[in-house]
Each structure stands twice: as structure tokens, then as C-alpha cells.
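Colleague:
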Amino acid sequence: MRTVLTALSAALAMTAPSGAQDGFPYDVPSMKEEAKAAGINHAYQGPWEYFVGGGVASFDCNGDRMPDLFFAGGTESAKLYVNKSQTGGALAFEQKTLNLKDKNLQKVLGAYPVNINNDAHMDLIVLRLGENLVLKGKGNCVFEMANKEFSFDGGRAWSTSMAATWEGSNSHPTIAIGNYVDRTAPGSPWGTCENNKLMRPTEGKAPNYRDPLELQPSYCALSVLFTDWNKSGVPSLRVTNDRQYYRNGHEQLWRVPENGAPRQFTKSQGWQNLNIWGMGIAEADLNQDGLPEYALTSMGDTKLQTLDSESDEDRPTYRDTAFEKQATAHRPYTGTDLKPSTGWHSQFADINNDTRLDLFIAKGNVEAMPDFAAFDPDNLLMGGPEDKFYEVGSEAGIARDTRGRGGAVVDLNADGMLDLVVVNRKANVSLFRNQGNKTSWGHRPMGNWVGIELRNGKKNISAVGAKISVKTGNVNQSRTVQIGGGHASGQAGFIHFGLGVAERAKIRIQWPNGDWSHEYRVFANNFVQINRGQPDALYWYPKPSVED
Numbered sequence: 002m003r004t005v006l007t008a009l010s011a012a013l014a015m016t017a018p019s020g021a022q023d024g025f026p027y028d029v030p031s032m033k034e035e036a037k038a039a040g041i042n043h044a045y046q047g048p049w050e051y052f053v054g055g056g057v058a059s060f061d062c063n064g065d066r067m068p069d070l071f072f073a074g075g076t077e078s079a080k081l082y083v084n085k086s087q088t089g090g091a092l093a094f095e096q097k098t099l100n101l102k103d104k105n106l107q108k109v110l111g112a113y114p115v116n117i118n119n120d121a122h123m124d125l126i127v128l129r130l131g132e133n134l135v136l137k138g139k140g141n142c143v144f145e146m147a148n149k150e151f152s153f154d155g156g157r158a159w160s161t162s163m164a165a166t167w168e169g170s171n172s173h174p175t176i177a178i179g180n181y182v183d184r185t186a187p188g189s190p191w192g193t194c195e196n197n198k199l200m201r202p203t204e205g206k207a208p209n210y211r212d213p214l215e216l217q218p219s220y221c222a223l224s225v226l227f228t229d230w231n232k233s234g235v236p237s238l239r240v241t242n243d244r245q246y247y248r249n250g251h252e253q254l255w256r257v258p259e260n261g262a263p264r265q266f267t268k269s270q271g272w273q274n275l276n277i278w279g280m281g282i283a284e285a286d287l288n289q290d291g292l293p294e295y296a297l298t299s300m301g302d303t304k305l306q307t308l309d310s311e312s313d314e315d316r317p318t319y320r321d322t323a324f325e326k327q328a329t330a331h332r333p334y335t336g337t338d339l340k341p342s343t344g345w346h347s348q349f350a351d352i353n354n355d356t357r358l359d360l361f362i363a364k365g366n367v368e369a370m371p372d373f374a375a376f377d378p379d380n381l382l383m384g385g386p387e388d389k390f391y392e393v394g395s396e397a398g399i400a401r402d403t404r405g406r407g408g409a410v411v412d413l414n415a416d417g418m419l420d421l422v423v424v425n426r427k428a429n430v431s432l433f434r435n436q437g438n439k440t441s442w443g444h445r446p447m448g449n450w451v452g453i454e455l456r457n458g459k460k461n462i463s464a465v466g467a468k469i470s471v472k473t474g475n476v477n478q479s480r481t482v483q484i485g486g487g488h489a490s491g492q493a494g495f496i497h498f499g500l501g502v503a504e505r506a507k508i509r510i511q512w513p514n515g516d517w518s519h520e521y522r523v524f525a526n527n528f529v530q531i532n533r534g535q536p537d538a539l540y541w542y543p544k545p546s547v548e549d
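Counting in this note's numbering, the sequence shown runs from 2 upward without gaps.
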């Protein structure tokens, strides 16, 4: 199979664009790496059991609305860094000591923020090689163990991914845990896969996750995501699998009816088995038809799936558009290594604020696999003309010799320009500050933007599952509030929209129960909070920098 992949990569190299493609007419962000200068000294370490994982959780843990960062460490202790960056300035973080036992901070593979108990503080689900943890937020970046309080059985699996959604009128989230190889089975480590888990809460004053459901079959998941793929209002569970470790493994889509048993979509129902070394999932509605597309990273070319025109709401038949949209990212775009790439975390975001979604992919050899590229820099694929993507990683300054794993695309210093966080295997974290467009006289900001924070009420406070629609002139954009996808990494906070040259935007929200809000009109270059049922959006202004 590896020989076939190498041959395929060589064929694609002769026919598909690679490197920085000529004629990209829009702003290219200038990314400055600032991790050590910002005070972050952390690497994801460990032997073969830590080839996968290496995630980061981006969320506000102290109520100042600035994103803080929790990093998985593998055999090193996980670390929490509190954001001290000044608005629009250089990035700055300060390590926060966690009042937890050392053993609970080790063997961490990834982490996801989710407000489980509907209080004022975000909680963390921490995935480990062994027992997974629920850390209940107490405010001021203080956490306490809550497995017992929430009847959350962390298990003993090799957990690599997580997703959450609110089903029906439930007060607490349904949680999916994606597991990797079953280390206790005969033929381990590469013989069998641990079953994934669906954890539904028994409703009460506190959530109770006592009776998880096993999803069988499971094929060594590396990313899971709840997705409303057919606009039904009931999300299904998408799973991307590292199928080489299990015979007949493939990508999966599970129907998850409210309060019913999950059922896997089959070939007879339109689901076409896709066999890839699946690593990460990114979702976006690229053509604004209300139906999401999916970027699936792999060892080899990235897939970009769109629902086939002959499909209907009960038949999830997808076709791959990565080649025609120049998004295969199948080999390094710079350097001399023509071997296949290894993609991990993937995320759509508008990094240059031109209203077109871009695609970031963290890249890196599993360890020292000779049939795959050794020098394999992260991708920054900018959305451009004719709905195609253009690689600008070299020009942006992110083409580094690291082995990326998890990541986040997030505005770290509240300047309206998205920055990049990448967790690297056996090397310090990468922290790229977006300086804007580089010019002959310095840097200038990108296009206009708006950051949107939702408040849903007394349950599902962050409105997970809501759809945000933003209109500027004749341009329509949408995002879905989600927890999951990517690789071993989750984030919560403001949802970012680039607005181009528009100075105002019209916003509507489809809340998780399907109800639509009225239209909110806001000024560009602002952070706004929209509270369900309130007539006006509230503006939030970050603290001015010292220079201001």
C-alpha cells in the first residue's frame, strides 16, 4: 500500500499545483513564530504510544475572554498557559500551576473544552493513555476532578478524539469518545481497535454518564465530529479512522437518533466506504448551500468531500473535490522531498479576512517512516478565485521542519486576525502571530472582521449546534458551533468571520432547537455577544494595549 501511495504522489506531483501557486491576488498573512518569546516552553513527548495525539485546548478559563491554552504532553506533564497578551501586541503567556496530582497530568493525548454542568465556567475533558478525566472549571483557571461527581467512567483505553452535542431537551451534553488500538488484545499494538463510546447523560441536577454505549464496529478513530450533514436538525456522528490497523476498516457515519441506539450508515443507504489513514476532520459549508463539506487528512492526499447532487437527506453519498479545488496537500510544497505527506489537525477559518474560508493542516511524519516525507511543513491553503485553494505556507512563514499534531486557529491577542497554535512532537510548540499583510513599509491589517459569542440560556450555554449566518452585501457566510473534529484538539470562544471591505454585517442565529433569531446589525471590527431572546447584540471591547 505504501508503494502505491508513493506512486500516486508522484503522479499527482506532475498534474496538481504545488508550492506557492502563482496569481493568488489576495492578502497573504505574515506569521511570526513567538512561542518561546511568549513564555511557552512545551513539547509533546513519548515513545510509540504517543505517535498519535498531541492536542491543545483553546478556551477562556478566567473570564477575561482571552483564549488560554492547555497542552497535552504525552510522557511530560500537560500544561496550562494563561493568556497575558496585550491587544494587538506580541503574544504573552504565563504558566498556571494546576492543583492536580502529577499522575493525572501525564499520559495526556488531547483535551476539549465543554461546559458540562451549565455554570459560569468552562470544563475540560482530558483524553489520556489510560483513564480519561473530567476537569470541572471553578473560575480563575482552577479545576478539580469531577469523574466521580459526573459518574464519568474514564476507562482504560487509548483515547484520541472527542465530540459533544446536546440532544433534544437534555440539559447536559452527549459525549462521543474516539478510541485507538486496543493494547490489551492479542496482536497488540497493531492488531485490533478499541470500541468508541457514546456517553449519554441521565438527566438530573448533575450529569450522570454511568452507562456508555459501545459503537461497534470501531476502526481506530483519530477524529470524531457531530455533524448535521443533511440539515435534518439531528446531528450524526462522523468518524475518521486509521484503518490500516484493522481489516475492512473505513470512514464511518453513525445515525444518532434522539434517545435511540446509534446505527451505522451502510452501502445500501448510500454510504460509500472510504479507506484512508484518517487523521483529522474539518467541516465547513464552502458553497453556502447549507450542506457541509469535509476536509479529511491522511497519510497521503487530503480528501475534500461534498455531498453528491444525487443524494437526498437519507443517503449520505459523497464525492471528492480535493483535486479540482487544489486541496490535496499530498506532498510537501517546498523542499526536495517528494514523498507523501502526513496530515493531522485540520481546520477551516478565514485567516486573511477576505470572506473566503482557508484551510490549515498540521503536518508531520509519524516518527521516521521512510516511505513518507521527513521534511513535511504545515499547510496554509488560502481560499481564492474559482473556489480553489492556493498554498502560501512558505510566504506566510510557517514552513518549518517540525512534526505537527494538534492545533488551533484562534485570535490570541484580540486584534481581529487569526493566529496559529501547533503542538509538535518532540519539539517546542509553534505559536504563529498573524501580523497582517507584509508590505514594503511594514505590515498592515487584513480585511474587516467580526467575532461572535453566543449565549443560549440556562443550558447548553455556548449554543453548541447553533448555526451563525452573516451577510455583508451579496456575500453570505455561515458557521456551526461545534465541539470536535481536528485532531485531539478543541476550542471554545468567539466565532470569527472575515468581512472583507464591509463596514457592517447582518447576523442571524439558528439556535440549537431550530428557532431563528431576528436580524442583528453590527459594526465591523468588533467582538459581539448575542444573548438568546435579547433585542440587541452587546459589544465587548478588549483592554487597550499599553501603546494605546
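Built from N, CA and C at the ideal position, the CB exists for glycine as well.
#1: Which value, in whole angstroms, describes the spacing of the CA atoms of GLN22 and PHE52?
#2: Three Cβ pairs or more, each shorter than 8 Å: is that satisfied between the stretch 458–469 and the stretch 409–423?
#3: Classify PRO187 as buried or exposed, calling it buried when 16 or more other Cβ atoms lie within 10 Å of its own Cβ.
#4: If distances are taken between C-alpha atoms only, which option among MET32, TYR27, GLU204, PHE25 comes closest to GLN436?
#5: From what residue to what residue does the beta strand (DSSP E) around ASN380 run?
#6: Hey, could you find the ends of the alpha helix (DSSP H) ALA397 is sitting in?
#7: Helix, strand or coil for GLN22 per DSSP?
#8: Helix, strand or coil: how does DSSP classify TYR210 here?
#9: Name the residue from VAL109, ASP103, GLU195 whose alpha carbon lies nearest to the alpha carbon of GLN46.
#10: Given HIS122, which residues of its chain have a CB within under 7 Å of its CB, disregarding the five upstream and five downstream residues?
#11: Counting along the chain, where does the beta strand (DSSP E) carrying ASN274 start and finish?
#12: Between the Cα of ASN119 and the Cα atoms of THR76, ALA112, LYS85, PRO174, which residue gives the shortest distance?
#13: Quick one, which of VAL235, GLU204, CYS194 has its alpha-carbon nearest TYR220's?
#14: Check whether the stretch 332–345 and the stretch 262–277 touch, using three or more Cβ-Cβ pairs below 8 Å as the test.
#15: When we look at the beta-carbon of GLY205 and count the other beta-carbons within 10 Å, is it buried (16 or more) or exposed?
#16: Tell me whether ARG244 sits in a helix, a strand or coil according to DSSP, three-state version.
#17: If you count every other CB in all the chains shown that lies within 10 Å of the CB of GLN289, and 16 or more means buried, which is it?
#18: Looking at C-alpha atoms only, which residue of GLY408, PRO446, ALA369 is the closest neighbour of ALA283?
#19: What distance in whole Å lies between the Cβ atoms of PHE151 and ALA112, which are believed to be in contact at a cut-off of 8 Å?
#20: Report back the beta-carbon spacing between ARG426 and GLY365 to the nearest angstrom; my notes put them in contact at under 8 Å.
#21: Compute the Euclidean distance between the alpha carbons of TRP230 and SER479, then round it to the nearest angstrom.
#22: What's the C-alpha gap between HIS444 and ASN438?
#23: I need the straight-line Cα distance from VAL471 to ALA330, nearest angstrom please.
#24: Identify the residues that DSSP records as bridge partners of TRP345: which are they?
#25: Do ASN133 and SER172 come within 9 Å of each other at the CB atom, strictly closer than that value?
#26: Since I believe MET280 is in contact with TRP345 (beta carbons under 8 Å), could you give me their beta-carbon distance rounded to a whole number of angstroms?
#27: Looking at ARG509 and VAL523, is the spacing between their C-beta atoms short of 9 Å?
#28: CB GLN492 to CB ALA58, shorter than 9 Å?
#29: Would you report the Cα separation of LYS544 and GLN87, rounded to the nearest angstrom?
#30: Indicate the three-state DSSP secondary structure (helix, strand or coil) for LYS104 in the structure shown.
#31: Assuming contact is defined by CB atoms lying nearer than 9 Å, are MET200 and LEU223 in contact in what I supplied?
#32: Is ASN532 helix, strand or coil by DSSP?
#33: Leaving aside the five residues before and after GLN103 along the sequence, list all residues of the same chain whose C-beta is less than 7 Å from its C-beta, in chain order.
#34: Taking 6 Å as the limit between beta carbons, can you name the residues of its chain near LEU226, skipping five residues before and five after?
#35: Assign LEU539 to one of two classes, buried (16 or more other C-beta atoms within 10 Å of its C-beta) or exposed (fewer than that).
#36: Inspect the CB distances between the stretch 366–386 and the stretch 26–41 and report whether three or more fall short of 8 Å.
Modeller: Reading it off the structure:
#1: Along the sequence shown, one-based indexing puts residue 22 at 21. Along the sequence shown, one-based indexing puts residue 52 at 51. Its pLDDT being 47, under 50, GLN22 is placed unreliably in this model, and the value from its coordinates should be taken loosely. If you take the alpha carbons of GLN22 and PHE52, they lie about 32 Å apart.
#2: no
#3: Position 186 of the sequence shown, counted from the first residue, corresponds to residue 187. Flag for PRO187 reads exposed.
#4: On the sequence shown, position 435 is the one that residue 436 refers to. If we check each option's Cα against that of GLN436, MET32 comes out closest.
#5: As a working mapping, residue 380 is identified with position 379 in the sequence shown. That run of the beta strand (DSSP E) goes 380–384.
#6: Counting from one through the sequence shown, the residue named residue 397 turns up at place 396. Note, ALA397: alpha helix (DSSP H), 394–397.
#7: Here residue 22 refers to the residue found at position 21 when the sequence shown is read from its first residue. Model confidence at GLN22 stands at a pLDDT of 47, short of 50, so the residue's coordinates are unreliable and nothing is read from them.
#8: In the sequence shown, the residue the question calls residue 210 occupies position 209. Note: TYR210 maps to coil in three-state DSSP.
#9: Here residue 46 corresponds to residue number 45 of the sequence shown, with the count starting at 1. Comparing Cα positions, the closest option is VAL109.
#10: Within the sequence shown, numbered from 1, the residue matching residue 122 stands at position 121. Counting only Cβ-Cβ distances below 7 Å, and skipping sequence neighbours, we find GLY138, LYS139, GLY140.
#11: What you label residue 274 is simply residue 273 of the sequence shown in a count that begins at 1. It is not in any beta strand (DSSP E) - ASN274 carries neither H nor E in the DSSP assignment.
#12: Against the sequence shown, residue 119 aligns to sequence position 118. Checking every option, the nearest Cα to that of ASN119 belongs to PRO174.
#13: Counting from one through the sequence shown, the residue named residue 220 turns up at place 219. For TYR220, the nearest C-alpha among the options comes from CYS194.
#14: no
#15: Taking the sequence shown and counting its residues from 1, one reaches residue 205 at position 204. GLY205 should be labelled exposed.
#16: Looking up residue 244 in the sequence shown gives position 243. Residue state, collapsed to three classes: helix.
#17: Here the question's residue 289 lines up with position 288 in the sequence shown. Answer is exposed; the Cβ neighbour count stays below 16.
#18: For this step, residue 283 is matched to residue 282 along the sequence shown. Nearest C-alpha to ALA283: GLY408.
#19: Mapped onto the sequence shown, residue 112 falls at position 111. Mapped onto the sequence shown, residue 151 falls at position 150. Wrong, their Cβ atoms sit about 16 Å apart, outside the cutoff.
#20: Position 425 of the sequence shown, counted from the first residue, corresponds to residue 426. Position 364 of the sequence shown, counted from the first residue, corresponds to residue 365. That pair is a contact at about 6 Å.
#21: Along the sequence shown, read from residue 1 onward, the residue named residue 230 stands at position 229. Along the sequence shown, read from residue 1 onward, the residue named residue 479 stands at position 478. Going by the C-alpha atoms only, they are around 14 Å apart.
#22: Taking the first residue of the sequence shown as position 1, residue 444 is located at position 443. Taking the first residue of the sequence shown as position 1, residue 438 is located at position 437. Taking the straight line from one Cα to the other gives about 5 Å.
#23: Along the sequence shown, read from residue 1 onward, the residue named residue 471 stands at position 470. Along the sequence shown, read from residue 1 onward, the residue named residue 330 stands at position 329. VAL471 and ALA330: Cα-Cα distance of roughly 29 Å.
#24: Taking the sequence shown and counting its residues from 1, one reaches residue 345 at position 344. Looking at the DSSP assignment, TRP345 forms no beta bridge with any residue, so it has no partner.
#25: Reading the sequence shown from its first residue, position 171 is the one you call residue 172. Reading the sequence shown from its first residue, position 132 is the one you call residue 133. No, the Cβ-Cβ distance between SER172 and ASN133 is not below 9 Å.
#26: By 1-based counting over the sequence shown, the position of residue 345 is 344. By 1-based counting over the sequence shown, the position of residue 280 is 279. Indeed, because the Cβ distance is near 5 Å, the residues count as touching under 8 Å.
#27: For the purposes of this step, residue 523 is taken as residue 522 along the sequence shown, with counting starting at 1. For the purposes of this step, residue 509 is taken as residue 508 along the sequence shown, with counting starting at 1. No, the Cβ-Cβ distance between VAL523 and ARG509 is not below 9 Å.
#28: Start at 1 with the first residue of the sequence shown, and residue 492 comes out as number 491. Start at 1 with the first residue of the sequence shown, and residue 58 comes out as number 57. Yes; because the gap between Cβ atoms is below 9 Å, this pair is in contact.
#29: Position 543 of the sequence shown, counted from the first residue, corresponds to residue 544. Position 86 of the sequence shown, counted from the first residue, corresponds to residue 87. Distance between the alpha carbons of LYS544 and GLN87 is about 8 Å.
#30: Mapped onto the sequence shown, residue 104 falls at position 103. Of the three classes helix, strand and coil, the one that applies to LYS104 here is helix, per DSSP.
#31: On the sequence shown, residue 200 is found 199 positions in, with the first residue counted as 1. On the sequence shown, residue 223 is found 222 positions in, with the first residue counted as 1. Result no, Cβ atoms of MET200 and LEU223 do not sit closer than 9 Å.
#32: To locate residue 532, count along the sequence shown from 1; it is residue 531. Strand.
#33: Counting from one through the sequence shown, the residue named residue 103 turns up at place 102. For the sequence presented, residue 103 should be read as Asp rather than Gln. For ASP103, where only same-chain residues beyond five positions count, the Cβ hits under 7 Å are SER78.
#34: Within the sequence shown, residue 226 is the residue found at index 225, counting from 1. If we look at LEU226 and ignore the five residues flanking it on each side, its Cβ neighbours are ALA164, ARG239, ILE282, GLY485, GLY486.
#35: Taking the sequence shown and counting its residues from 1, the one referred to as residue 539 is at position 538. Per the 10 Å Cβ criterion, exposed.
#36: yes
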